[in-house]
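In our numbering, the protein residues as written are 4 to 110.
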């Protein structure tokens with residue numbers, strides 16, 4: 004027997020599972036979290052707290068590499084995070100669906 008919370012989750016997930024599976028939607032929703040994840044990397048580089056590494060880095064520095072790396076990290080993290088959450092919700096939905104079907108068969 005399913006609880007009210009489980010029933011409401013099943014209804015919600017049946018309506019939204021395909022919409023949330025789209026990669027573009029996962030990117031848009033997860034990108035702020037991905038940017039927050041890369042923010043410390045950029046702050047660490049800009050702060051220059053390690054002087055020797057800063058001197059070597061400035062001599063061979065290409066800002067396009069740092070910016071592109073930060074964008075790649077943010078996009079990867081955003082998509083990976085949202086896809087993982089989608090998989091967890093899908094697994095929960097399938098388990099609840101199986102539980103509901105086995106409960107109907109017993110009656």
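Think of the CB as a built atom: it goes at the ideal place given N, C-alpha and C, for glycine as much as any other residue.
For residue 108, the uninterrupted alpha helix (DSSP H) segment begins and ends at 66–109. Judged by DSSP in its simplified three-state form, residue 51 adopts coil rather than helix or strand. Between residue 12 and residue 45, the alpha-carbon positions lie close to 39 Å from each other. In the three-state reduction of the DSSP assignment, residue 38 falls in the helix class. Taking a C-beta distance under 8 Å as the contact criterion, residue 36 and residue 92 do not qualify as a contact pair. The alpha carbon of residue 29 has as its nearest neighbour, out of 98, 80, 4 and 65, the alpha carbon of 80.
For residue 77 against residue 41, the beta-carbon gap comes to about 5 Å, under 8 Å, which counts as contact.
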